[in-house]
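Worksheet: one structure, shown below.
Residue numbers (this note's numbering): 1 to 241.
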């Protein structure tokens with residue numbers, strides 16, 4: 001049974017809400033992102049965008065379908081908005097992408113309309129399924145099914161990324177993980193830093209995790225591969241903070 005309550009003091013840091021206030025905070029619904037790295041739509045409407053002053057007002061706005069996540073109207077106030085999600089407000093013309101900002105955690109970064117139709121998805125799982133098809137699972141729970149995989153499809157691996165159209169969910173391009181590719185650190189204490197990949201460990205030495213070095217504005221940063229995703233070739237394919 002899913003726990004529906006979440007005390008404000010126990011709310012994930014990513015919510016960025018005052019510790020004092022009502023006893024409870026909205027708990028994200030089960031969805032495409034983990035609870036510790038996503039923000040309920042209600043919190044975004046009330047505390048981030050300040051379209052409402054109370055939870056009841058925020059719920060009313062969401063129930064009316066006035067906000068789009070990845071191009072689709074969402075009416076669940078607890079829907080989790082997470083990494084790379086595109087949030088649109090048609091009535092105001094505002095468009096945001098959820099991205100990590102260095103030393104600030106996940107934040108809504110305003111983007112142009114030209115970027116609203118796609119997102120970057122990190123491949124976290126690759127498997128063969130019934131009928132000889134190949135299935136890729138992305139960081140936001142999306143599945144990309146290739147019914148008749150070619151040698152090129154088979155060469156795509158985890159830690160690569162797809163550029164995905166939203167809401168159509170079609171693969172627009174593939175980004176392989178390699179030296180020279182533009183990467184974003186999306187987790188850990190260095191989340192929000194980005195730059196070209198300088199080097200990475202090709203083989204994992206258990207129990208240690210593979211390290212990757214990225215040339216950022218703060219210098220060369222080494223972090224674990226689990227915290228990094230490719231977002232461009234020589235330059236990023238999307239606006240980064």
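The beta-carbon is built from N, C-alpha and C at its ideal position, and this holds for glycine as well.
Note that the structure is a prediction, hence the values are computed from the model and not measured.
- Along the stretch 107-146, the beta strand (DSSP E) occurs as fully enclosed runs of 3 or more residues at 118-129, 133-138 and 143-146, listed in sequence order.
- Residue pairing by DSSP places residue 216 opposite 219 in a beta bridge.
- Within the model, the alpha-carbon separation for residue 11 versus residue 127 is close to 35 Å.
- Across the structure, residue 235 and residue 175 are spaced so that their CA atoms are roughly 12 Å apart.
- A direct Cα-Cα distance of roughly 38 Å separates residue 54 from residue 230.
- Contact between residue 193 and residue 102 is confirmed by a C-beta separation of about 6 Å, below the 8 Å threshold.
- Within its own chain, the residues whose Cβ lies closer than 6 Å to the Cβ of residue 149, once the five positions on either side in sequence are excluded, are 134, listed in chain order.
- As DSSP reads the structure, residue 68 sits in a beta bridge with 73 and 88.
- Three or more beta-carbon pairs separated by less than 8 Å link the stretch 136-152 to the stretch 29-47, which places the two stretches in contact.
- Where residue 61 is concerned, the enclosing alpha helix (DSSP H) starts and stops at 55-63.
- Of all alpha-carbon atoms in 6, 8 and 14, the one lying nearest the alpha-carbon of residue 186 is that of 14.
- Ranked by Cα distance from residue 200, the first of 47, 179 and 190 is 179.
- Look at the beta carbons and you see the stretch 103-112 not touching the stretch 61-72: under three pairs across the two are nearer than 8 Å.
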